[in-house]
Each structure stands twice: as structure tokens, then as C-alpha cells.
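Residue 575 is where the sequence shown starts when you use my numbering, and the numbers rise one by one after that.
What follows is one structure encoded as C-alpha cells, with my remarks underneath.
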Amino acid sequence: MGVHGRRCRGRGRRGGHAVAVHRGTRGVRAIRLFFALWLPEELREGLWRSLAPLRSARRGVRWVPPERFHITLRFMGDTSRAAVSRLTGAADTLASQAPFPLHFTRTGVFPSRGAPRVHWVGVTTAPLVQLRGLLDAALAREGIAPESRAFKPHLTVGRVRHGRAPRESDRHALNGAESRLETDGFTVDAVHLVRSELFPGGPRYANIHTVALTGHRE
Numbered sequence: 575m576g577v578h579g580r581r582c583r584g585r586g587r588r589g590g591h592a593v594a595v596h597r598g599t600r601g602v603r604a605i606r607l608f609f610a611l612w613l614p615e616e617l618r619e620g621l622w623r624s625l626a627p628l629r630s631a632r633r634g635v636r637w638v639p640p641e642r643f644h645i646t647l648r649f650m651g652d653t654s655r656a657a658v659s660r661l662t663g664a665a666d667t668l669a670s671q672a673p674f675p676l677h678f679t680r681t682g683v684f685p686s687r688g689a690p691r692v693h694w695v696g697v698t699t700a701p702l703v704q705l706r707g708l709l710d711a712a713l714a715r716e717g718i719a720p721e722s723r724a725f726k727p728h729l730t731v732g733r734v735r736h737g738r739a740p741r742e743s744d745r746h747a748l749n750g751a752e753s754r755l756e757t758d759g760f761t762v763d764a765v766h767l768v769r770s771e772l773f774p775g776g777p778r779y780a781n782i783h784t785v786a787l788t789g790h791r792e
């Protein structure tokens, strides 16, 4: 899988399972899709190393391997093959946008209160929110309704295994690892439409369409 993105200097502080793919109307096989930003390989490895204190202290978490690190711009879910061209057409409208820098900010969990289920690394939100808005508008012109939930840009790095509530020491580890995470940012210069297939060992991803951001900053 190709990964697009250029490193940019900057410091941020802190830090499947098998399912049956359903068949749509008229027996058309659906595919699971999402729009994503891929991190450069060197940055993925550096971020993985920076998360080592958290990974060693936090038990009962299934950590996402660095080769799967990505930022979801919008999850589309099971999509009929006939509708894929509408998604790629919407994505193509983003080509006129200029590349922009993105930086990691902090670590956190979802939900913010109670037992955490997801561990994430935050990113600078303004440029991503703008890009997501443009994508939503393009998808709406293709007759695809917007998501009902708010967009919260983040990089998922771990998921808590079912029934594994965090211990008090784990919560202290979260706070400690947060201050130790320092890593570079990167330049977002492409948006990818990605196919996801779920397997017992975890999802497998494949780009099916890539749009380079070729515009110029004013």
C-alpha cells in the first residue's frame, strides 16, 4: 500500500474480527470503505516508539500496529460497487486544495469519562475540519447524506479489550505518557479512498482511489 505524505518539522506533546460482508440490493456485493490520510512510514515508526511508555503501562489494550496508522476523514461503511464512482467523483473535487501541515497534539481516550474504550492521538483540527467539510459538501452533491455525529479528528492507536477496565495505575500511566510524547508532524498532500476487509487478525486495508492535493496556498 502506498503511503503519501511528507515530513514537516514540528513537535506535538503526548503521546477485526471476522464479519460477513452484506449483500446489497439485487445481490450486489458491498465493500467497506472510508476516506483516510496515511502517515509517512518514518513518522509511523517514530510515533510507535513514542507511545512505548503508554503501551507498556496500559494492559488489556489491543494496540494498532504502526503500518495501519491512519486518520479517518470519513467512514462510509458498506457501499455498493455501483456507488463507488460517486465517492471517487466527490473525492476528485478535493484536488484543487493545497497541501497543509498537520501536527500531533496530545493523547486521550474515548469516552473521556468512565471506562475508556479507545486510545487516540489528537491532531491539529482546523485544516482537517475544513477538508472534511469540503468532502461532505461534494458527497452531498452526489446524494450522500452527511454523518449525524460530529467530526473529531484523531489517530486511533489502541482499543480496550472487552471487559478490561483500567486500573488506577493505568490512569496514572496515561497522564505520564502524555507529557513524554514528542514527534514530528507531516504534510497532508493526498486523500485516499480505502477498502477495509475484516479478519480475525485485524483489518486489511487497500487504497482503491487516491487524490493528490495540488492547489497552492494564497
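Note that beta-carbon positions come from the ideal geometry of N, C-alpha and C, so glycine has one too.
Option in the options with minimal Cα separation from residue i
{"i": "Thr730", "options": "Val697, Gly651, Arg606", "result": "Val697"}
{"i": "Leu616", "options": "Arg632, Pro640, Ala610", "result": "Here residue 616 turns out to be Glu, not Leu, going by the sequence shown. That would be Pro640, whose Cα lies nearest to the Cα of Glu616."}
{"i": "Asp606", "options": "Ala786, Tyr779, Thr662, Arg769", "result": "Just to set this straight, residue 606 is Arg in the shown sequence, not Asp. Nearest of Ala786, Tyr779, Thr662, Arg769 to Arg606, Cα basis: Arg769."}
{"i": "Leu709", "options": "Leu787, Arg687, Phe760", "result": "Leu787"}
{"i": "Pro690", "options": "Val785, Thr679, Arg633", "result": "Arg633"}
{"i": "Ala724", "options": "Thr699, Asp758, Val658", "result": "Thr699"}
{"i": "Val638", "options": "Arg733, Pro627, Asp652, Val683", "result": "Arg733"}
{"i": "Phe643", "options": "Arg618, Ala664, Asp666, Asp652", "result": "Arg618"}
{"i": "Ile782", "options": "Asp652, Ala626, Val658", "result": "Val658"}
{"i": "Leu628", "options": "Gly688, Arg680, Val785, Arg687", "result": "Arg680"}
{"i": "Asp652", "options": "Phe608, Gly620, Leu621", "result": "Phe608"}
DSSP beta-bridge partners of residue i
{"i": "Pro675", "result": "Thr761"}
{"i": "Phe773", "result": "The partner list for Phe773 (beta bridge, DSSP) is empty, contrary to what the question assumes."}
beta-carbon residue i near the ligand NAD non-hydrogen atom, thresh 8 angstroms
{"i": "Arg642", "result": "Absence of the ligand NAD is noted for the structure shown, with no ligands found whatsoever."}
Exposure label - residue i; buried when at least 16 CB within 10 Å
{"i": "Phe773", "result": "exposed"}
{"i": "Val595", "result": "Per-residue confidence for Val595 stands at a pLDDT of 30, beneath the threshold of 50, marking its modelled position as unreliable; no derived number is given."}
{"i": "Arg600", "result": "Here Arg600 scores only 46 on pLDDT, less than 50, and its place in the model is too uncertain to base an answer on."}
{"i": "Pro673", "result": "buried"}
{"i": "Ala656", "result": "exposed"}
{"i": "Pro685", "result": "exposed"}
{"i": "Ala804", "result": "A query on residue 804 cannot be resolved here, the shown segment of the chain reaching from 575 to 792 and no further."}
Alpha-carbon to alpha-carbon, residue j and residue i
{"i": "Arg603", "j": "Glu792", "result": "44 angstroms"}
{"i": "Ala610", "j": "Ala631", "result": "29 angstroms"}
{"i": "Pro777", "j": "Thr761", "result": "25 angstroms"}
{"i": "Glu771", "j": "Tyr779", "result": "7 angstroms"}
{"i": "Pro701", "j": "Arg623", "result": "26 angstroms"}
{"i": "Arg636", "j": "His693", "result": "10 angstroms"}
{"i": "Leu767", "j": "Val695", "result": "22 angstroms"}
{"i": "Ser753", "j": "Ser654", "result": "Residue confidence for Ser753 is low, a pLDDT of 45 falling below 50, so the modelled location carries little weight and cannot support an answer."}
{"i": "Arg715", "j": "Ala764", "result": "21 angstroms"}
{"i": "Phe678", "j": "Pro614", "result": "14 angstroms"}
{"i": "Ala711", "j": "Arg648", "result": "12 angstroms"}
{"i": "Ser722", "j": "Met650", "result": "12 angstroms"}
{"i": "Gly663", "j": "Pro675", "result": "25 angstroms"}
{"i": "Arg735", "j": "Arg687", "result": "17 angstroms"}
{"i": "Thr757", "j": "Gly775", "result": "28 angstroms"}
Rounded Cβ spacing between residue i and residue j (contact assumed at less than 8 angstroms)
{"i": "Leu705", "j": "Leu668", "result": "7 angstroms"}
{"i": "Gly789", "j": "Ser670", "result": "5 angstroms"}
{"i": "Pro720", "j": "Ile645", "result": "Not quite, the Cβ-Cβ distance comes to about 19 angstroms (not below 8 angstroms), so this is no contact."}
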